[in-house]
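Asker: Keeping their order, the protein sequence lines are chains A and B. Position one of the first sequence corresponds to residue 192 (this note's numbering), numbered consecutively onward. Position one of the second sequence corresponds to residue 8 (this note's numbering), numbered consecutively onward.
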Amino acid sequence: MEQMIPLTIDGVKVEVPAGTTVLEAARKANVNIPTLCYLKDINETGNCRLCVVDTGARTLQAACVLPVTPNMVVKTNTPAVRAARKLNLELILSNHDKKCLSCPRSQNCELQKLCLDLGVENGDRFAGAQNEYPLDLSSTSIVRDNNKCILCRRCVGACKNQKVGVIGAMMRGFKTAIASPWDKDLASMACINCGQCIAVCPVGALTEKDETKEVWDVLADPTKHVVVQPAPAVRAALGEEFGFEMGTSVTGKMVSAMKRLGFDKVFDTDFAADLTIMEEGYELIDRVKNGGVLPMITSCSPGWIKFCEHYYPEFIPNLSSCKSPHEMAGAMIKTYYAEKAGVDPKDIVVVSVMPCTAKKFEAKRPELGHDGLADVDMVITTRELARMIKEAGIDFANLPEENFDKLMGESTGAAVIFGVTGGVMEAALRTAYEVLTGEELKDVNFHAVRGMEGIKEATVKVGDLDVNVAVCSSTGKAAELLDSIKNGEKTYHFIEVMGCPGGCVNGGGQPIVTAQVRNWVDIRAERAKALYSEDESKTLRKSHENPEIKAIYADFLGEPNSHKAHELLHTTYAKRELYK
Amino acid sequence: MSNHNEKYEKLAEVIKAHKEQKGALMPVLQEAQNIFGCVSEDVQKIIAEGLGVTLSEVYGVATFYSQFSLQPKGQYVAGVCLGTACYVKNSQKVLDKLCSELGIQPGQTTADGLFTVQATRCLGACGLAPVMMINDDVYGRLTEAEVPAIIAKYKAS
Ligand code: FES
Ligand code: FES
């Protein structure tokens, strides 16, 4: 039995398990103690002092890192507590640029909200010397603006959990800054562009490299044929930007909005996810049958790929040679579709909408193209798409539901779940099973690979073969898994790795969810619900049953892993150094 | 060169000795500084790799504690006290003069490797404020005007 600790918070008696913090216990008394630096599992360093409470001790205590003790009496709302919180905010503001009007985080900035909620009247109370930092625009994916940084260190925690750790707190006192060693820019570090730092930043100090202007420009250019494709996870989260409850799938409205924005064609990256399963499934079967390098590891997540190239280059031969789904789609749009539609591939602009900031980097890899044309020209995140929809004044919530365009708009349930950890594995198993055994798979649900644990393992019977699989999400967990393979503790046939914790639903390009929600709700699981229910609702749930997939092989590619498929849908990787 | 290699071998030993300990970074940085006289980028990278921590962590610690120096120190280390007593007696002006004469900032070393300038905490010689020390020599009751002559003396020797 868990030991229960009784305590009193603002006169309300509560009982909580030993080890609970005062912050958590206060929820039981219906008190939301304000927090700023605290983010569960990511930053529990107690440095902002916004959450101070009176426990009768000599000084006020930080509730986020204070474990409850028996019969503790906590006061969260005294004049001294309120004054201290306000003072801390005013001090933070003394070194913040306060340019909220043009800040991408305005209206979901945690600092802004706290100032309003706690009644800060004068943001310039402690005006004085202020640090001035140049913007770091070096990265293809991430922009760092230290003039807005409040030194909470959440990004440092997120980066460290990813086992990347290219940013940290440097120097001391007034000169303290979150930066890379020797103030190097992000692009010269072994940053994997996953954007988890952006997802956890409470303010506007970390944002995506915005490409909406470039997209508006091509949309306005009559000589361009602009084709858009959204990733699976975008539809699971876009609604949050327009007041829909988390976990609501908004596929039809999203398509409708894209058409109204002026895209010439709206295809679905989900179609390409089915295509990926065909290519990757056959690649796996080939490796197993012909003694290829095992375990084979998925290659859909560009954050993971760059991580592997920097930190575990010895596993490069294990990576599937498949391009990621949106890159496959790009390649098919500029060949297969261009041919069918009679459009010059040079006039086509492919815009991917991704839950991911690392996709921006991926699209610029020189090897991902054909005939001097990049497969994908521009990548915008879910947030940037939302920004465009808002700028265009589209009444998203009331839009009718529309369908993707034909040719590359059809997808199966297997493709939809690509957006959540375990989804690619499940999709691959559905197809591999039927291809290898020639029998129909009765139950398509592989529950063993679902859920939000960082590492999941299963042994799946495919005919008379026992296939050992592992699924992991976050590069930190991937590092653990790869180490266990290196030590010889584990052997697998097939591994799915997603760079972000929980998979793409929690990608670095998704709508920002503040700590006030993230500390109490598993947003990954909530968003995943949208994808699993969309999978359930589809009549076709196996990639090889997608009629448009059948057509593309019959009309254009031949068969999976054909020469043509290899030329257009597969790629190579190369070792990268840790430091430039 | 062999001297150079020896230093790196010594660093490897130090890392090995501390590797499994919790909180190994501080002592390793300390010993590395003793071996090399400073903790350069190169040395920090070796420490990061050896201890399995990120370079950000190593650099973060190395820049947090003033006892660590990122660049090799000059032959003459000139420290101007910015402790309270010296500061009210205008030691900042002495420091500024020193910096402008040598063309470097506090914490830096001249290109010829001769001088390193430091702003120090109280040197315990408040009676002589403002105070500057160059290696073991103490200069008290200084004015900025005296600085060029003092520097010239070391340059000549
Ligand atoms: S110290 Fe508790 S939230 Fe920052
Ligand atoms: S609104 Fe931009 S940092 Fe808060």
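Glycine included, each C-beta is placed from N, C-alpha and C at the ideal position. As the structure is a computational prediction, the values presented were derived from the model and not from experiment.
#1: Which residues in chain B sit within 7 Å of Y711(A), going by Cβ to Cβ distance?
#2: Per DSSP, which one or two residues make a beta bridge with R335(A)?
#3: When you measure from the CB of G348(A) to every non-hydrogen atom of ligand 1, does any distance come out below 6 Å?
#4: Work out the CA separation of V391(A) and L62(B) for me, nearest whole Å.
#5: At the level of alpha carbons, what is the spacing between K23(B) and T612(A)?
#6: Using a Cβ-based criterion (distance less than 6 Å to any ligand heavy atom), does T226(A) qualify as near ligand 1?
#7: Can you look up K160(B) in the DSSP assignment and give me helix, strand or coil?
#8: Output needed in chain order: residues of the stretch 374 to 397 of chain A with a Cβ under 8 Å from some Cβ in chain B.
#9: Please report whether the beta-carbon of G59(B) lies at a distance below 7 Å from any beta-carbon of chain A.
#10: Which two residues bound the contiguous alpha helix (DSSP H) that contains M545(A)?
#11: Beta-carbon separation of A522(A) and L759(A) under 7 Å?
#12: At a CB-CB cut-off below 7 Å, which residues of chain B make contact with S371(A)?
#13: Look up D610(A) in the DSSP assignment and say whether it is helix, strand or coil.
#14: Pull the bridge partners of G359(A) from the DSSP assignment, please.
#15: Can you check whether the CB of V65(B) is closer than 7 Å to the CB of A55(B)?
#16: Nearest to G614(A) by alpha carbon, out of K289(A), D726(A), N678(A)?
#17: Based on Cα-Cα distance, which residue from V60(B), V21(B), C129(B) lies nearest to Y96(B)?
#18: Can the beta-carbon of T460(A) be found less than 7 Å from the beta-carbon of H517(A)?
#19: Does DSSP put M8(B) in a helix, a strand or coil?
#20: Pop quiz: V124(B) and L105(B) are said to be a contact at Cβ under 8 Å. What is the actual Cβ separation, rounded to whole angstroms?
#21: Step through the CB atoms of chain A and report whether any lies within less than 7 Å of the CB of T127(B).
#22: Under 9 Å Cβ-Cβ, which residues of chain A neighbour F71(B)?
#23: List the residues of chain B that Y770(A) touches, going by C-beta distances under 8 Å, in chain order.
#24: Would DSSP call L620(A) helix, strand or coil?
#25: If we count Cβ pairs, one from each stretch, closer than 8 Å, do we get three or more for the stretch 276 to 293 of chain A versus the stretch 337 to 348 of chain A?
#26: Which bits of chain A does S48(B) rub up against, with CB to CB less than 8 Å?
#27: Within its chain, find whatever has a CB closer than 8 Å to the CB of K277(A); leave out the 5 residues flanking it on each side and keep chain order.
#28: For N268(A), is the classification buried or exposed, using 16 other Cβ atoms within 10 angstroms of its Cβ as the cut-off for buried?
#29: Whole angstroms are fine: how far does the CA of S330(A) sit from the CA of L102(B)?
#30: Is the beta carbon of A721(A) less than 7 Å from the beta carbon of G348(A)?
#31: Sorted by chain position, which residues of the same chain lie with C-beta nearer than 7 Å to P137(B)'s C-beta, five sequence neighbours on each side aside?
#32: Using beta carbons (cut-off 7 Å, strictly below), is M8(B) in contact with chain A?
#33: Where do the N-terminal and C-terminal ends of the alpha helix (DSSP H) with T666(A) fall, by residue?
#34: Is there a Cβ from chain A that is less than 7 Å from the Cβ of G6(B)?
#35: Under 9 Å Cβ-Cβ, which residues of chain B neighbour V357(A)?
Answerer: So, to answer that:
#1: Correcting the residue type first, residue 711(A) is Trp in the shown sequence and not Tyr. Those do not exist, as W711(A) stays about 30 Å from chain B at its closest Cβ, beyond 7 Å.
#2: D327(A), L397(A)
#3: no
#4: 22 Å
#5: 38 Å
#6: True, at least one ligand heavy atom lies under 6 Å from that Cβ.
#7: helix
#8: none
#9: no
#10: That residue, M545(A), is in no alpha helix (DSSP H); its beta strand (DSSP E) goes 539 to 545.
#11: yes
#12: Neighbours of S371(A) on chain B, chain order: S63.
#13: Before going on, a small fix: residue 610(A) reads as Gly here, not Asp. Three-state result, G610(A): helix.
#14: A370(A)
#15: yes
#16: Nearest of K289(A), D726(A), N678(A) to G614(A), Cα basis: D726(A).
#17: According to the sequence provided, residue 96(B) is Lys. The question's Tyr does not apply to it. Comparing Cα positions, the closest option is C129(B).
#18: yes
#19: Low confidence applies here, because M8(B) scores a pLDDT of 44, under 50, leaving its location unreliable; read the following figure in that light. DSSP places M8(B) in coil when its eight states are reduced to three.
#20: 6 Å
#21: For T127(B), the answer is no, since every Cβ of chain A falls outside 7 Å of its Cβ.
#22: A360, M361, M362, R363, T367
#23: K52, L62
#24: helix
#25: yes
#26: The question names Ser, but residue 48(B) is Glu in the sequence shown. Ordered by position in chain A, the residues that pass the 8 Å Cβ test against E48(B) are P372, W373.
#27: L309, G310, V311
#28: exposed
#29: 39 Å
#30: no
#31: C88, C93, K96, N97, S98, V101, L149
#32: Only weak support exists for where M8(B) lies, its pLDDT of 44 falling under 50; the value from the coordinates is given anyway. No, M8(B) does not count as interfacial toward chain A.
#33: Looking at the DSSP string, the run of the alpha helix (DSSP H) that includes T666(A) is 666 to 677.
#34: Beyond the ends of chain B as shown, which are 8 and 164, falls residue 6(B); an answer cannot be given.
#35: The CB of V357(A) comes closer than 9 Å to the CB of T61, L62, S63 in chain B, given here in chain order.
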